[in-house]
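What follows is a set of notes on a single structure, which appears directly below.
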């Protein structure tokens with residue numbers, strides 16, 4: 263609707279009338295339309311867009327600045343969804359399909375710019391390094407065959423700065439560690455612990471009573487009502503003497 267292929271990164275987005283809406287604005291409009299359906303709705307929001315998230319694309323290019331800015335855009339969209347829905351009737355699930363080989367490579371002091379250099383230099387080559395690093399990707403600089411680039415005079419907070427990587431690749435690869443799953447609302451307890459990725463859509467379908475679980479909501483309501491009736495405490499009855507004449 264707004265671009266021929268991918269939408270712009272958040273830091274590059276034209277927020278004017280002729281530009282592109284933010285992820286939060288599109289989330290708001292989608293909820294405004296879908297919540298008119300009295301039977302409920304299912305909304306999937308990806309940051310950003312049809313053929314892959316822009317957070318994902320930024321990481322592939324070892325561009326931590328854009329990746330973090332788009333992560334904040336996703337956070338704004340989640341906040342919008344929380345503000346526009348009720349926790350008693352709307353389940354929100356936030357997760358990722360994979361990680362990247364992206365890591366904290368240093369131990370900076372609190373308050374140090376996250377895109378800046380670590381407080382200490384390397385104890386091997388005595389040169390500074392950034393707090394954020396990649397295991398592989400285009401950040402490996404072949405122009406320094408005798409060692410890595412000295413970042414002392416480099417603006418590592420520039421939007422286009424490419425973080426250093428340990429192994430040369432055209433794109434960075436996905437990582438293999440677990441990714442978090444955050445859930446809020448009815449049936450959020452289904453998303454606890456360590457889960458297989460393929461479990462998530464089944465849990466959402468069960469919570470929403472769709473597909474094979476389309477009759478589960480009514481079944482759960484009947485079960486809850488039946489349990490409530492059974493568990494209801496009996497009226498208190500005082501003992502009495504049957505021989506007493508009334």
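In the working numbering, the protein residues as written are 263 to 508.
Built from N, CA and C at the ideal position, the CB exists for glycine as well.
When you measure from the CB of residue i to every non-hydrogen atom of the ligand NAP, does any distance come out below 7 Å?
i, result
"residue 403", "The model depicted lacks the ligand NAP and carries no ligand whatsoever."
For residue i, which of helix, strand or coil comes out of DSSP?
i, result
"residue 402", "coil"
"residue 270", "coil"
"residue 278", "coil"
"residue 301", "coil"
"residue 289", "helix"
"residue 320", "helix"
"residue 443", "strand"
"residue 342", "helix"
"residue 392", "strand"
Under the rule that 16 or more other beta-carbon atoms within 10 Å means buried, what is residue i, buried or exposed?
i, result
"residue 351", "exposed"
"residue 364", "buried"
"residue 325", "buried"
"residue 264", "exposed"
"residue 408", "exposed"
"residue 391", "buried"
"residue 317", "buried"
"residue 426", "buried"
"residue 476", "exposed"
"residue 306", "exposed"
"residue 322", "buried"
"residue 296", "exposed"
"residue 480", "exposed"
Based on Cα-Cα distance, which residue from the options lies nearest to residue i?
i, options, result
"residue 442", "274, 361 and 339", "361"
"residue 309", "294, 288 and 303", "288"
"residue 333", "272, 282 and 421", "272"
"residue 246", "269, 278 and 358", "In the structure as shown, the chain starts at 263 and stops at 508, and residue 246 therefore has no counterpart that could be examined."
"residue 388", "414, 331 and 298", "414"
"residue 400", "320, 277, 452 and 275", "320"
With a threshold of 6 Å on Cβ separation, who are the neighbours of residue i within its own chain once the five nearest residues in sequence on each side are excluded?
i, result
"residue 381", "370 and 371"
"residue 428", "397"
"residue 223", "Since the first residue of the chain shown is 263 and the last is 508, residue 223 is not available in this structure."
"residue 471", "478 and 479"
Please return the same chain residues whose Cβ sits closer than 8 Å to the Cβ of residue i, not counting the five positions on each side in sequence.
i, result
"residue 438", "361"
"residue 419", "327, 375, 377 and 378"
Would you mind listing the alpha helix (DSSP H) stretches within the region 453 to 480 that are 4+ residues and don't spill past its ends, in chain order? With a minimum length of 4 residues, the continuous alpha helix (DSSP H) runs that stay inside the region 453 to 480 are 461 to 470.
Could you tell me which uninterrupted beta strand (DSSP E) segments, each at least 3 residues in length, are contained entirely in the region 344 to 382, listed from first to last along the chain? Within the region 344 to 382, the complete beta strand (DSSP E) runs of at least 3 residues are 354 to 357 and 364 to 366.
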